[in-house]
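Single-structure report; data block below.
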Amino acid sequence: MALQFTINGVSQFIETISPTVTLLDYLREHISLKGTKEGCAEGDCGACTVIIAERTKRDTKYRAINSCLLLLPQVDGKHLLTVEGLGCKFENRRAILEPIQKSMVDGDGTQCGFCTPGIIMSLYAFYNSSKIQTDKNIHDALAGNLCRCTGYRSIVDAARQERVFTEKKVISENLSTVAEYSHEGQRFFKPKTLKEISKIYSTYPSSTLLAGGTDLGLSFSKDRQVTQTIIFTGDVKELGIIEETNKALTIGSAVTYSEILPYLDKLFPSFANLVTRIGSDQIRNVGTICGNIATASPIGDTLPCLIALNSQLKICSNNGERKVDIEDFFISYRKTNLKKGEFIKSVSIPKLNATQKFRAYKVSKRYDQDISAVIGAFLIEFNQERVAKTIIAFGGMDSTPRRALHSEKQLTGETWTEENINKVSEKISEEFKPISDLRASSTYRSQVAGNLFKRFYFDLVDSNKPNQVVDL
Amino acid sequence: MVDANQIIGAAHDNVQHDSAVKHVTGEAIYIDDMPRLPNTLECILITSPIAHAKINSIDTTKALSSPGVLAALSAADIIGKNDVAPVFEGEPILAIDCVEYVGHPIIILAAETYDQAYNASKLVEVEYTELEPILTIQDAIKKKSFTFKPPVICRGDPDKAIQNANHRLQGTLKCGGQDHFYLESNIAVAIPSPEDKDITVYCSTQHPTEAQHGIANVLGIPMNAVTVEVRRMGGAFGGKESQPTIIASLAALVAVKTGRPAKLRLRRDADMIITGKRHDYDFEYDVGFGVDGQIDGIDISMAMRSGNVADLSSGVLARSLCHADNCYFLPNVRFRGYPCKTNTVSNTAFRGFGGPQGMIIIECILEHIGFYLNKSIDEIRQINYYGINDRNETPYGQIVKDNIICKLSDQLMSKVDYEARKKEIENFNLKNQILKKGIAAMPVKFGISFNMPALNQAGALIHVYTDGSVYLNHGGTEMGQGLFVKIAQVVATVFQIDIENIKISATRTDKVPNTSATAASAGSDLNGMAAYDAADKIKNRMITVAAQYFGSDENKINFRQNRIYCGNKNISFADLAQMTWEARISLSATGYYKTPDITWDPISCSGTPFYYFTYGFAISEVVIDLLTGESRILKTDIIQDCGKSLNPRVDYGQIEGAFVQGMGWLTSEELVWNKTGELLTHGPSTYKIPGSRDVPQDFNIHILEDEPNKAQTIFRSKAVGEPPLMLAISVWLAIRDAISRSSGSKSPPQLDAPATPEAILLAINNSRIAKNDR
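Residue numbers (the numbering used here), protein chains in the order written: chain V, 1 to 472; chain P, 1001 to 1774.
Okay, here's the thing in C-alpha cells:
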C-alpha cells in the first residue's frame, strides 16, 4: 500500500522508498525541495523545521516539527507545509511575503540565511497560534532553532510584530492512511487499536516500537539504520487518551508533550515548566512522556518528576494488562522491567492534595533545549509544621533515576526549617555517587542535588521571591 | 570622494541584506542545494579513532566490493603534493604513515549514494601501532612540542620594571576553545571537465584562492586549470578560511580519479570532530605596578593549543600578542607565545583570530590589580589607557593615532548610569540570598589589517552593459555578513545609480584572481576600495564621452540620480553607456587596492601592522545563582565605533551577532575531550551555543556618531566583523564581579572561561573559602 500525504498542497504517493527514510531526506533528495536544510540531523538546530497542518473542527492548527527525525510513514495522511509553501509568488519581480517573512526581512532577522527557513516555519506556526506574544512564549517558540549569526535580537523583534490576519493555508480533505507499509523486506506497521498492536508485537517480538521517534529518529538520520520491523503507536486511539478524574491524570503512551502540557500546567505547574524545557516545540510536538519513560535514560527529564508524584504505569501485552509503580520500572542503566511483547499503555499521576507540595528543577549548561546535568523533583506532605512524608527524586545522579531514601527518612517527622533543610541537603549530596561526564562532574552534581532541595525550601517559604536566574 | 545621496542604496544608507528575501523564502542556494549533476558521487571520510598512531596497513578490499562504491583513496593515491599548509608546510589532507588526532582523515570513500558510502566506511580496515599522544597544553610545554618557533614581543626591561615596581602580582588563567558551529557544515562539490584536466569546484569557503591553490597542488595541475566558486556560505566565522581547502581538495581528488562529479559534505559530527576550532589558551602572568595601579612592567606567557599542525596558528598567536595590550600603555613588556603541538585537531581561525584571548588576559590582570589595591577595575583601566600624544606606542612599536576609547567609555558610562547601577546591585545583593548580581565594562581596541602585509590587497571586476546595468565581482566572499550589499553600495555611489541596477555575483577565482581570505574584518575595507577603483576607472571614461557629447569640460559632468548632468542638459546612465560603447571605449575594468603604510617584521614581532584601530565599549549586568552556578545576562549596552558606517543596518547585525557569539564562547560553549583525546561535544545536543533566551534581555547597541575613520578607508567606514565579539568579555567580568560580591572576598575569583554553571559554582565555593581564609 502506498503512503499518501501532501506537501504544500501537492499530493505525494510513496511506494518505492524505504520506510526508514526521513522526511528531510525525502524533501531534499527525492523531490528537490531544498529550502529545508540539514544542520545537525539530531533535532537540535531546527534548520529542518517544517509544519504539520491539521484541520480541527473550527480551525487549522500548525505544528512545527523537525523533519530530520520523522520517518515518511509517520506523516502518512498528513498535510505538510515547507518554506516553499509560504509566500513565494512573485509579482513585478517582488516576492509576496507572509507577514512573518516580511518582518524578518524588514527587521534584518537574517544574515547567512541557512537557519532562516527553519526559523520562518517555527515563527509561522507561532504566528498562527493562539499563544500571546510574550517574550517567554516567543523564546519557547524559538528554543528549537539555533542561529549563529544574528544574536537573535532581530528575530525576536520580528516575532513581536503585531499579527495581521492572513488566510490560513487551505488544507484539502482528510487523507486515508495505510495499516502497513513495506519496502524490500522492511515493514512499518500502523495499528489503530490496542488489540492490533499487541498482536503484531507478539508476532514480531523483536520489532521496534516507535511513538514520537525524537530519540529513535537519530538511528535513522545519523546512523542510517535500516530497521526491519517498526510498530508505530501514534495512530492507536486508546493510546492517545488523556483522562482526568478526581484522583488522577492518566496519559496514554501516544500522547505528546505538547498535548499534555495544558493539563500539567493546571495540575502540576512546576512539572509543566520543566516539560517546556524538554527539547523544543518541534520535539514536544511529536515526543511523548511514555517514550521518555520507555527510553529509561538516567537523565530523562520527566522520570524523577513521575517518581516524586507516585505515578503508576499500565503495561500491556497480548496476555493482558498489569500495573507497576514507576519507581520499580527502572532496573538498571536503560533497563526496564518490560518483558518481551510488553509495552506501556499509559501513566497515571495522582493529583496532589492540599497538604502536598511539588516542585521540579532542572540544571543544564543552557536553559533551553539541553540535556540535564541534574534533575530534582520533590514532593512533600505536611502535618502542621512537620514533614509527614516526602519523596526526593533525582535524575542524573545514578544509572537510573532514583529516590534519596535516607534523606527522605531523615526529614520525615522533622520541622520545615532552614537548619533541617541544610542537613538534608548535605545528606542528599552524600547519598549519591554520580558519574563525571561532558555535562558535569561528579562533585558538581552532588553539590547541586543537595542545593536543589534548598531551592525547594526557599520556593515554598516565599514563592513570590525570585530565586532562579530566569525569574529576573 | 563622491557625495552619497539621492540614489537608492548609496553608501551609508540603511540597505537590507541583498539576499534577505531569498533567505526567508528558502530560495537562497547553498552548495548542497545546487541541482545535482547526474552521476555525482557522495563521499565520506574515514578518520582515525586514535589520537596518535602509526598506520601499519590499510585494507579497503571489503569496502571497495560493497555495493555502489567506486573509490577508496588514501595518501598513496594523491597525484600531486599531499600538502595544503596555508603558512608553513607539511599539512597533508590524508594522513601519511601516521595519524595525529582523533578524526584525522585517512581515506576518502566515494559511492553512488551517501548510504552506500556510509555502510562501506564501516568495512575499511586500518591497523595501527599506538604512539604516546600529547593531549594538553601543559604536556606540550613540558615536552617543548611546538608547531613553529615560539614568538616573543619585547620592549624595555620588563624583569627590572617588575622587580622595581611598588607592587607585584602573579597569576594564571585558562580559556577554552570554541566551535564555529556555522549552521552549514563544510562542503565541496567538484566537477571534472570532460576535456583537458580542468576542474570546477563549488565550495563553502572564505578563501576561494587558497582552495584553488590547494586543489592545484594536490592534483598536480596549474592553478589556471582550477576554478573555485562560492556564492554564499551558511556561516563561516573563520572556520571556513583554511579548513575548506582540505574538503575541496579531497572532493577534487575523487572527481579526477573517477572522472565523475564528487560531493563531500561533512555531517555535523564529522565537521566538529575533523575540523579546527578557536584555540584554547593557558596564561601565566607577572606584573609590576605603582601605588595608583599604573603598570610598570608585565610578562605574559600565552600558550595556545595549536593542535597537530600549524595551520593559521602563527597568525592567530601574533594577533594575541598584538592585542594583549588592548587599550593600555605598557612601558616594559614581554609577551611570549607558545604554539603547542598536540595530538588534537589543528585549531584555526575564529572571529577575533587570537585577539579575544589576548584581551581576556590583560583584563584579568587589571582586575587582579584592582582587587589588590582595593580599587575598581574601571579605575585601573583609566590610569592605564593609551595617551593621545604620549604613552601611545604599542609594545610592537605602532603609534596609536586614533585613540577614542575615553570618549566611548565616558559616553556609555554616563548613558547607562554605571556608578548608580553598581549601588543598585549592592542593594539587590543584600536582599537576596540566592541570586547575586554583578556588573562590568569592557573596552576594546582592535587592529585592522592582516598581520602579514602581503595579504592586504584586493581585486574587483566591473562591467557596465549598454543598457546601463552593471555586473559586479570582487574577491570577497559572502558568509552572511552583508559584504556583497556593502560593495554594491560603493559601486552604486560611484556611478550614482540605484543599487538594483547592480548585479551581485558569486565569487570566482577566474573572475578575480589571487585574492585574500575574506577575514580579519577587512572584507569591505579591501574589496570596497578595489570595487571603487574599478568603478571609478569606468566612470572617468564615461565622463570623457559625456563631455564630448555635451561639448563641455569634463569637470562640468555630474553623475546624479541615475542620470548624467551637464548644466541644464542630462542623459540617462544607460544612454551614456550605449554612447561609450559606440565610441569604442571599454566599459569593463578591473580594480585593485592595497592597504597603505603597513609593515610587520615577524622575526622581531614589530612594525605598524594595522592601518587603523576599531574601538568599542560595553557594559553588562548579570545575575548568578549561588545554588547551581547558573547565570543570565540582564542588560548589555554597547557603543561601537564603525567610522562612518557603510550600512548601519548591516553593522548593527554584526555587532549583535559578534557579541552573542563571544558571550557563548565565555559562558555555555564548552568543548570537552576525554582522556584519550576524543572530542565528546560534537553536536548541538552536547555543545551549547546561545539560544534566543540567552541573549541579554535588555540589549542596546549604539553606533558611535560623528567619528569618521581618520584613515582613508572606503567612505571613511571602519571594519566591524570581529571587534564587538570581544565586548562580550564584559559578561565574563560581570560574572566574576557577581561571584566576588557574593562572598565579599578581596581576592579575584578563580574562574576560567567558559563560565559554565559548574565553573561558576566552583568559583563561588572557592571565593567563600578565600574570604574565610583572610
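Glycine included, every Cβ here is placed at the ideal spot set by N, Cα and C.
So which residues of chain P does residue 467(V) contact, with C-beta pairs closer than 7 Å?
-> In the first sequence, residue 467(V) corresponds to position 467, counting from 1. Within chain P, the residues near residue 467(V) are 1434, 1435.
Could you check the C-alpha separation between residue 1522(P) and residue 1231(P) for me, to the nearest Å?
-> Numbered from its first residue, the second sequence carries residue 1522(P) at position 522. Numbered from its first residue, the second sequence carries residue 1231(P) at position 231. For residue 1522(P) and residue 1231(P), the distance between alpha carbons rounds to 19 Å.
Compute the Euclidean distance between the alpha carbons of residue 1170(P) and residue 1349(P), then round it to the nearest angstrom.
-> On the second sequence, residue 1170(P) is found 170 positions in, with the first residue counted as 1. On the second sequence, residue 1349(P) is found 349 positions in, with the first residue counted as 1. Distance between the alpha carbons of residue 1170(P) and residue 1349(P) is about 30 Å.
Taking 6 Å as the line, does the beta carbon of residue 145(V) fall inside it for any heavy atom of the ligand FMN?
-> As presented, the structure is devoid of all ligands, the ligand FMN included, so that no description of it is given.
Contacts that residue 305(V) makes with chain P (C-beta to C-beta distance below 8 Å) = The residue you call residue 305(V) lines up with position 305 of the first sequence. Among the residues of chain P, none has a CB under 8 Å from the CB of residue 305(V); the nearest is roughly 18 Å distant.
For residue 187(V), collect the residues of the same chain with a Cβ closer than 6 Å to its Cβ; drop the 5 residues on either side in sequence, then sort them by chain order.
-> In the first sequence, residue 187(V) corresponds to position 187, counting from 1. Short of 6 Å from the beta carbon of residue 187(V), and not among the five residues preceding or following it, lie these beta carbons of its own chain, in chain order: 229.
Buried or exposed (CB count within 10 angstroms, at least 16 for buried), residue 332(V) | Your numbering for residue 332(V) matches position 332 in the first sequence. Residue environment for residue 332(V): exposed (fewer than 16 other C-beta atoms within 10 angstroms of its C-beta).
Step through the CB atoms of chain V and report whether any lies within less than 7 Å of the CB of residue 1630(P).
-> Translated into positions along the second sequence, residue 1630(P) becomes position 630. Output row for residue 1630(P): interface = yes.
Counting only runs of 4+ residues fully inside the segment 262-317 of chain V, write out the alpha helix (DSSP H) ranges in chain order.
-> Those alpha helix (DSSP H) runs which fall completely within the segment 262-317 of chain V and span 4+ residues are 269-275, 281-284, 289-295, 302-308.
My guess is that residue 1436(P) and residue 1741(P) are in contact by the Cβ rule of under 8 Å, so how many angstroms apart are they, rounded?
-> Taking the first residue of the second sequence as 1, we reach residue 1436(P) at position 436. Taking the first residue of the second sequence as 1, we reach residue 1741(P) at position 741. Rounded, the Cβ-Cβ distance is 6 Å, consistent with contact.
In the DSSP assignment, find the beta strand (DSSP E) that holds residue 1154(P) and state where it starts and stops.
-> The residue given as residue 1154(P) occupies position 154 in the second sequence. Taken as a continuous stretch (DSSP letters only), the beta strand (DSSP E) holding residue 1154(P) covers 1152-1155.
Contacts of residue 365(V) in chain P (Cβ-Cβ under 7 Å) = Here the question's residue 365(V) lines up with position 365 in the first sequence. Residues of chain P whose Cβ lies closer than 7 Å to the Cβ of residue 365(V) are, in chain order, 1668, 1670, 1688, 1756, 1757.
For residue 1733(P) and chain V, any beta-carbon pair shorter than 7 Å?
-> Looking up residue 1733(P) in the second sequence gives position 733. No, residue 1733(P) lies away from the interface with chain V (no Cβ there is under 7 Å from its Cβ).
Does the separation of the CB atoms of residue 1439(P) and residue 1187(P) fall below 7 Å?
-> Residue numbering aside, residue 1439(P) sits at position 439 when the second sequence is read from its first letter. Residue numbering aside, residue 1187(P) sits at position 187 when the second sequence is read from its first letter. Residue 1187(P) is positioned such that its CB atom lies no closer than 7 Å to that of residue 1439(P).
Per DSSP, the bridge partner or partners of residue 323(V) = Here residue 323(V) is taken as the residue at index 323 of the first sequence, counted from 1. Bridge partners of residue 323(V): 314(V).
Please decide whether residue 1001(P) counts as near chain V, where near means a Cβ-Cβ distance under 7 Å.
-> If you number the second sequence from 1, residue 1001(P) lands on position 1. Note that residue 1001(P) scores 44 on pLDDT, short of 50, meaning its location in the model is unreliable; the coordinates nonetheless yield the value given after this. With its beta carbon at least 7 Å from every one in chain V, residue 1001(P) lies outside the interface.
Starting from the C-beta of residue 1074(P), find all residues in its chain whose C-beta is less than 7 Å away, skip the five residues before and the five after it, and write them out in chain order.
-> The count along the second sequence starts at 1 and reaches residue 1074(P) at position 74. Cβ neighbours of residue 1074(P) beyond the five flanking positions: 1058, 1094, 1106, 1107.
Beta-carbon of residue 1208(P) versus every beta-carbon of chain V: anything under 7 Å?
-> Here the question's residue 1208(P) lines up with position 208 in the second sequence. Answer no: the Cβ-Cβ gap between residue 1208(P) and chain V never drops below 7 Å.
Can the beta-carbon of residue 49(V) be found less than 7 Å from the beta-carbon of residue 122(V)?
-> The residue given as residue 49(V) occupies position 49 in the first sequence. The residue given as residue 122(V) occupies position 122 in the first sequence. Yes, these two residues count as a Cβ contact at 7 Å.
Tell me whether the beta-carbon of residue 1727(P) lies closer than 7 Å to the beta-carbon of residue 1633(P).
-> Position 727 of the second sequence, counted from the start, is the residue given in the question as residue 1727(P). Position 633 of the second sequence, counted from the start, is the residue given in the question as residue 1633(P). Not closer than 7 Å, so no.
Given 8 Å, three or more beta-carbon pairs between the segment 147-165 of chain V and the segment 1648-1662 of chain P = Segments in contact, yes.
Spatial distance of residue 196(V) from residue 239(V) (CA atoms) | Taking the first sequence and counting its residues from 1, one reaches residue 196(V) at position 196. Taking the first sequence and counting its residues from 1, one reaches residue 239(V) at position 239. The straight-line gap from Cα to Cα measures roughly 12 Å.
Contact belief for residue 375(V) with residue 462(V) at Cβ below 8 Å, rounded distance in angstroms | The residue labelled residue 375(V) in the question sits at position 375 within the first sequence. The residue labelled residue 462(V) in the question sits at position 462 within the first sequence. Contact flag wrong, Cβ pair sits at about 23 Å.
What's the C-alpha gap between residue 216(V) and residue 1412(P)?
-> As a working mapping, residue 216(V) is identified with position 216 in the first sequence. As a working mapping, residue 1412(P) is identified with position 412 in the second sequence. Rounded to the nearest angstrom, the two C-alpha atoms are 51 Å apart.
How would you label residue 1462(P), buried or exposed, when you count the other beta carbons within 10 angstroms and need 16 or more for buried?
-> Numbered from 1 along the second sequence, position 462 holds the residue referred to as residue 1462(P). By the 10 Å Cβ count, residue 1462(P) comes out buried.
Within chain P, partners of residue 155(V) - CB distance below 8 Å = For the purposes of this step, residue 155(V) is taken as the residue at position 155 of the first sequence. The answer, in chain order, is 1692.
Do we get a CB-CB distance below 7 Å when we pair residue 1485(P) with the residues of chain V?
-> Counting from one through the second sequence, the residue named residue 1485(P) turns up at place 485. Output row for residue 1485(P): interface = no.
C-alpha gap between residue 1309(P) and residue 1149(P), whole angstroms | By 1-based counting over the second sequence, the position of residue 1309(P) is 309. By 1-based counting over the second sequence, the position of residue 1149(P) is 149. Near 13 Å, if we compare the C-alpha coordinates of residue 1149(P) and residue 1309(P).
Check whether the Cβ atoms of residue 1624(P) and residue 1760(P) sit closer than 7 Å, and answer yes or no.
-> Locating residue 1624(P) in the second sequence gives position 624, where the first residue counts as 1. Locating residue 1760(P) in the second sequence gives position 760, where the first residue counts as 1. A contact, by the Cβ cut-off of 7 Å.
Just reading off the alpha helix (DSSP H) that residue 66(V) is part of, what are its end residues?
-> Translated into positions along the first sequence, residue 66(V) becomes position 66. Counting along the chain, residue 66(V) sits inside no alpha helix (DSSP H); it lies in the beta strand (DSSP E) bounded by residues 60-66.
Quick one, which of 1573(P), 1544(P), 1569(P), 1448(P) has its alpha-carbon nearest residue 1502(P)'s?
-> For this step, residue 1502(P) is matched to residue 502 along the second sequence. Distance from the Cα of residue 1502(P) is smallest, within the candidate group 1573(P), 1544(P), 1569(P), 1448(P), for 1573(P).
Host alpha helix (DSSP H) of residue 1058(P) (start-end) | By 1-based counting over the second sequence, the position of residue 1058(P) is 58. Run containing residue 1058(P): none in the alpha helix (DSSP H); it sits in the beta strand (DSSP E), 1053-1059.
Quick one: give me the first and last residue of the alpha helix (DSSP H) that residue 1580(P) is part of.
-> Here residue 1580(P) corresponds to residue number 580 of the second sequence, with the count starting at 1. Per DSSP, the unbroken alpha helix (DSSP H) holding residue 1580(P) starts and ends at 1573-1582.
With DSSP as the reference, label residue 1594(P) as helix, strand or coil.
-> As a working mapping, residue 1594(P) is identified with position 594 in the second sequence. Residue state, collapsed to three classes: strand.
Under a Cβ-count criterion, where at least 16 other Cβ atoms within 10 Å of its own Cβ denotes burial, should residue 37(V) be classed as buried or exposed?
-> Start at 1 with the first residue of the first sequence, and residue 37(V) comes out as number 37. Buried, by the Cβ-count rule.
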